[in-house]
Amino acid sequence: MQRKSLGESLVEQKLISKDQLKSAMKESEKSSEPLRKTLVKLGLVSEEDVTNFFEEQLGIPRIDLGNYLIDSKILSLVPESLAKKHNLIPLFKTGDTLTIATADPLNVVALDEIGIRTKCNIEPAVATETEVKNAINQYYGVGGSIEDILKSLDMNELTIEEGTEEIEPEKLRNIAEEAPIIKLVNLLILQAIRDKASDIHVEPAEDSLKIRFRVDGILHEQATFPKQMQPAVLSRIKIMSDMNIATKRIPQDGRFRLKVEGGQIDLRVSSMPTLFGENIVLRLLDNTSILIGLERLGFDEHNLEQFKALIAKPHGIILVTGPTGSGKTTTLYSALNSINTPDKNIITIEDPIEYQLKMVRQSQINPKAGLIFATGLRSILRQDPDIIMVGEIRDLETAEISVQAALTGHLVFSTLHTNDAPSSLTRLIDMGVEPFLISSSVIGIVAQRLVRTICPACKQPYVPSQKVIDEIGVQLPKTSLKFYKGAGCSACKNTGYKGRIGIFEMLLINDKIRDLIIAKTPSSHIKHVAQESGMKALREDGIAKVLAGVTTIDEVFRVTQE
């Protein structure tokens, strides 16, 4: 198919007439400006019409710069003067290819100059001229660090008179959309992504605004800002999250999506009024990190083999249990992904949907509309499912429907909040589920925790004291013991840890356990019998990882308080 020129395309779409095109071409020649600029300047078309031409007729990808976070390392490849000269901005680099956003992707001179300067192959993407200019001002307008941004801010403009309880929404919006504030919030998010943080906590104090990151399950203080910056920073986050900036006395929820270096990050945002202002927590959800594969979750060889056999069964209930933040979602999603084939119909009901799975029908509960786990589960059963995932069994109704689903030929995945695997059985009985139904439907329970792994850059051996050995409480090898720990270095920010891995306790329901369930046997006795049958307790699995040099004894003790 022959490609049309910009003018021909606009005439064909009846956005301009032939006479208007001729007039614009004369004006363009006279002013030595590109035709696209002249058409926009004369008001004949919009910038969006021009970008649509580049995208639809030339196949050049359209970029929404409002959803991009650009790393300072990428920005440093193209000087501000060159970015302004050609009205373009670098986005991300993959190998030797640098992707840039520009309003004129056919400007070969500009692309060649950037290519020579960066020694990269240049891949253009198209954005409107206004979007590119705004991005240049935003990213190049102030220095590249939080300290530089703080120096550039006029605190007098951000200060609110003492005793002022309400601020006009328009004023909040204006200060939140100042380039330094936008860049400050972007930098915080970028830093959190680099640090592999799961959450950003924005916490108002009496005389300051504190920022903390949760990295590998532990909160670390990241920055402290002057109190005057609080309205601007909070409003900026609320604007990005599509929350009401004028509402500050009731909790709000929001979310937004950002593209970073070619990847995609979803951020779930929650605000809550506190004594010194709204507390905001941003949960970072990296779509590329959730489906890490069953082999990388932390299962040992025996448990992994058992778990794969468990999720391959045609029906029954599989429970994953543990406290909030113990990795249950990752385990469930990885399990679903491993058995997700075109011949299966997998449906989920979740609160909330944290990640999108291909070929899986996912539904989110909405209590205001009457959609809760129980009602959602009933609807799912009318959708001809093979496999069902229920985000959490919270009440008797949800538990009973899950049991019925399992007994009628469905494989059901769900979670419970219990300390270990055997306790899940007594929890279901306490909810009111009949023991014989539990024994007939539940086929396996996985309890799990996340432990931090030792930083490989500063890992060093040490011999544990006899006191530590005595505290461990499990049988250790009689050979000389050698444990490992991280000394602390720049790679792990002096914590001695980098990354996390799961420790697991897997209870498979056999005939002995079924008899104990029907007899309403205490969970402690069920655990004893399960261990006799080969179940490895959470702490035992943790100690095995300590002996393998994966984590430390302190970490295992921290997450397996007995």
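Under my numbering, the very last position in the sequence shown is 563; numbers go up by exactly one each time.
Note that the Cβ used here is the ideal one computed from N, Cα and C, for glycine as well.
Legend entry - Q357, DSSP secondary structure in three states: By 1-based counting over the sequence shown, the position of residue 357 is 356. Reduced to three states, the DSSP call for Q357 is coil.
Inset, instruction - Find the nearest neighbour of S327 within the set N187, N108, A206, N420, judged by alpha-carbon distance. - result: Residue 327 sits at position 326 when you count from the first residue of the sequence shown. The shortest C-alpha separation from S327 is found at N420.
Legend entry - Beta-carbon proximity list for I137, same chain, < 8 Å, skipping 5 on both sides: If you number the sequence shown from 1, residue 137 lands on position 136. Excluding residues within five positions, the ones whose Cβ falls inside 8 Å are E81, A84, K85, N88, I90.
Legend entry - Nearest-angstrom Cα separation, counted from T332 out to F300: The residue given as residue 300 occupies position 299 in the sequence shown. The residue given as residue 332 occupies position 331 in the sequence shown. One C-alpha to the other measures close to 10 Å.
Inset, instruction - Taking 7 Å as the cut-off, decide whether the C-beta atoms of C456 and K499 are in contact. - result: Here residue 456 corresponds to residue number 455 of the sequence shown, with the count starting at 1. Here residue 499 corresponds to residue number 498 of the sequence shown, with the count starting at 1. Inclusion of C456 and K499 in the CB contact set at 7 Å is warranted, their separation being smaller than that value.
Inset, instruction - Note the first and the last residue of the continuous beta strand (DSSP E) segment covering S415. - result: The residue you call residue 415 lines up with position 414 of the sequence shown. DSSP places S415 inside the beta strand (DSSP E), whose first and last residues are 412 to 417.
Inset, instruction - Tell me, please, whether the stretch 267 to 282 touches the stretch 240 to 251 by the rule of three or more beta-carbon pairs shorter than 8 Å. - result: Yes, the stretch 267 to 282 is in contact with the stretch 240 to 251.
Inset, instruction - Return the residue from the list I340, E9, F558 that minimises the CA-CA distance to I473. - result: Within the sequence shown, numbered from 1, the residue matching residue 473 stands at position 472. For I473, the closest alpha carbon among the candidates I340, E9, F558 is that of F558.
Inset, instruction - Using a threshold of 7 Å, state whether the C-beta atoms of L408 and V391 are closer than that. - result: Locating residue 408 in the sequence shown gives position 407, counting from the first residue. Locating residue 391 in the sequence shown gives position 390, counting from the first residue. No, the Cβ-Cβ distance between L408 and V391 is not below 7 Å.
Inset, instruction - Please specify which runs of the alpha helix (DSSP H), each continuous and at least 4 residues long, are wholly inside the stretch 71 to 147, giving them in chain order. - result: The qualifying runs are 73 to 76, 81 to 87, 109 to 119, 130 to 141.
Inset, instruction - Spatial neighbours of R501 within its chain, please: CB distance less than 7 Å, with the 5 preceding and 5 following residues excluded, ordered by chain position. - result: If you number the sequence shown from 1, residue 501 lands on position 500. The residues are D217, G218, L451, V452, R453, T454.
Inset, instruction - State the Cα-Cα distance for the pair L397 and V434, rounded to the nearest angstrom. - result: Start at 1 with the first residue of the sequence shown, and residue 397 comes out as number 396. Start at 1 with the first residue of the sequence shown, and residue 434 comes out as number 433. Taken atom to atom, the span from the alpha-carbon of L397 to that of V434 is near 7 Å.
Legend entry - Nearest-angstrom Cβ-Cβ length linking T98 and C121, presumed shorter than 8 Å: Here residue 98 refers to the residue found at position 97 when the sequence shown is read from its first residue. Here residue 121 refers to the residue found at position 120 when the sequence shown is read from its first residue. Sure, about 6 Å apart at Cβ, within 8 Å.
Inset, instruction - Can you tell me which of the three DSSP states V404 falls into? - result: For the purposes of this step, residue 404 is taken as residue 403 along the sequence shown, with counting starting at 1. It is helical.
Legend entry - Short Cβ contact (7 Å threshold) for V321 with V186: As a first step, residue 321 is located in the sequence shown; it is residue number 320 there, counting from the start. As a first step, residue 186 is located in the sequence shown; it is residue number 185 there, counting from the start. Against a cut-off of 7 Å, the Cβ pair of V186 and V321 comes out as no contact.
Inset, instruction - Leaving aside the five residues before and after Q3 along the sequence, list all residues of the same chain whose C-beta is less than 7 Å from its C-beta, in chain order. - result: For this step, residue 3 is matched to residue 2 along the sequence shown. Per-residue confidence for Q3 stands at a pLDDT of 49, beneath the threshold of 50, marking its modelled position as unreliable; the derived number appears in the next sentence. For Q3, where only same-chain residues beyond five positions count, there are no Cβ hits under 7 Å.
Inset, instruction - Look at S424 and S524 and say whether their C-beta atoms are less than 7 Å apart. - result: As a working mapping, residue 424 is identified with position 423 in the sequence shown. As a working mapping, residue 524 is identified with position 523 in the sequence shown. Cβ distance < 7 Å, so S424 and S524 count as in contact.
Legend entry - When A336, P125, N280 are compared against R297, the one with the closest alpha-carbon: For the purposes of this step, residue 297 is taken as the residue at position 296 of the sequence shown. Proximity to R297 across A336, P125, N280 peaks at A336, based on C-alpha coordinates.
Legend entry - Same chain, Cβ closer than 7 Å to N245, five either side skipped, listed in chain order: The residue you call residue 245 lines up with position 244 of the sequence shown. Closer than 7 Å at Cβ, skipping near neighbours: Q253.
Legend entry - Inter-residue CB distance, K249 and P274 (contact presumed, cutoff 8 Å): Numbered from its first residue, the sequence shown carries residue 249 at position 248. Numbered from its first residue, the sequence shown carries residue 274 at position 273. With a Cβ gap of about 6 Å, K249 and P274 count as contacting.
Legend entry - the stretch 204 to 215 in contact with the stretch 277 to 285 per 3-pair CB rule at 8 Å: Yes, since at least three Cβ pairs between the stretch 204 to 215 and the stretch 277 to 285 fall closer than 8 Å, the two stretches touch.
Legend entry - Three-state secondary structure (DSSP) of F558: The count along the sequence shown starts at 1 and reaches residue 558 at position 557. In the three-state scheme derived from DSSP, where H, G and I count as helix and E and B as strand, F558 is classed as helix.
Legend entry - Exposed unless 16 or more other CB atoms sit within 10 angstroms - verdict on R540: Your numbering for residue 540 matches position 539 in the sequence shown. Its Cβ being crowded by 16 or more others within 10 Å, R540 is buried.
Legend entry - CA nearest to the CA of F505, picked from T399, T522, K329, I347: Here the question's residue 505 lines up with position 504 in the sequence shown. From the listed residues T399, T522, K329, I347, the smallest Cα separation to F505 is found for K329.
Legend entry - Three-state secondary structure (DSSP) of N341: Counting from one through the sequence shown, the residue named residue 341 turns up at place 340. In the structure shown, N341 adopts coil according to DSSP, grouped into three states.
Legend entry - Pick from A126, E222, I212, M230 that is closest to F176, judged by C-alpha positions: Within the sequence shown, numbered from 1, the residue matching residue 176 stands at position 175. In the sequence as displayed, the identity of residue 176 is Ile instead of Phe. Cα-wise, what sits closest to I176 is M230.
Inset, instruction - Please state if the CB of E393 and the CB of T376 are separated by a distance shorter than 7 Å. - result: Looking up residue 376 in the sequence shown gives position 375. Looking up residue 393 in the sequence shown gives position 392. No, the pair does not count as a contact, with Cβ atoms beyond the cut-off.
Inset, instruction - For the beta strand (DSSP E) containing G255, list its first residue and its last residue. - result: In the sequence shown, counting from the first residue as 1, residue 255 sits at position 254. Residues 253 to 261.
Legend entry - Where I194 falls, given that 16 or more other Cβ within 10 Å makes a residue buried: Translated into positions along the sequence shown, residue 194 becomes position 193. A residue is called buried once 16 or more other Cβ atoms fall within 10 Å of its Cβ, and I194 is buried on that count.
Legend entry - Alpha-carbon spacing of A313 relative to I354, whole angstroms: For the purposes of this step, residue 313 is taken as the residue at position 312 of the sequence shown. For the purposes of this step, residue 354 is taken as the residue at position 353 of the sequence shown. Using only the alpha carbons, I get a separation of about 24 Å.
Legend entry - 6 Å Cβ shell around F54 - same chain, five flanking residues per side excluded: Here residue 54 refers to the residue found at position 53 when the sequence shown is read from its first residue. Taken in chain order, the residues that qualify are L7, S10.
Inset, instruction - Kindly indicate the opening and closing residues of the alpha helix (DSSP H) around E48. - result: One-based indexing of the sequence shown puts residue 48 at position 47. Per DSSP, E48 is one residue of the alpha helix (DSSP H) stretching across 48 to 59.
Inset, instruction - Taking all protein chains shown into account, decide if V133 is buried (16 or more other Cβ within 10 angstroms of its Cβ) or exposed. - result: Counting from 1 along the sequence shown, the entry for residue 133 is found at position 132. By the Cβ neighbour-count rule, V133 is buried, with 16 or more other Cβ atoms within 10 Å of its own.
Legend entry - Nearest-angstrom beta carbon gap, L259 and D72 [assumed within contact, 8 Å]: The residue you call residue 72 lines up with position 71 of the sequence shown. The residue you call residue 259 lines up with position 258 of the sequence shown. Actually they do not touch by this definition, with Cβ atoms about 12 Å apart.
Inset, instruction - Check the DSSP bridge columns for D200 and list the partner residues they point to. - result: Taking the sequence shown and counting its residues from 1, the one referred to as residue 200 is at position 199. Under DSSP, D200 takes part in a beta bridge, and its partners are R215, R284.
Legend entry - Where L43 sits in the DSSP three-state scheme: Translated into the one-based positions of the sequence shown, residue 43 becomes position 42. Coil at L43, not helix or strand.
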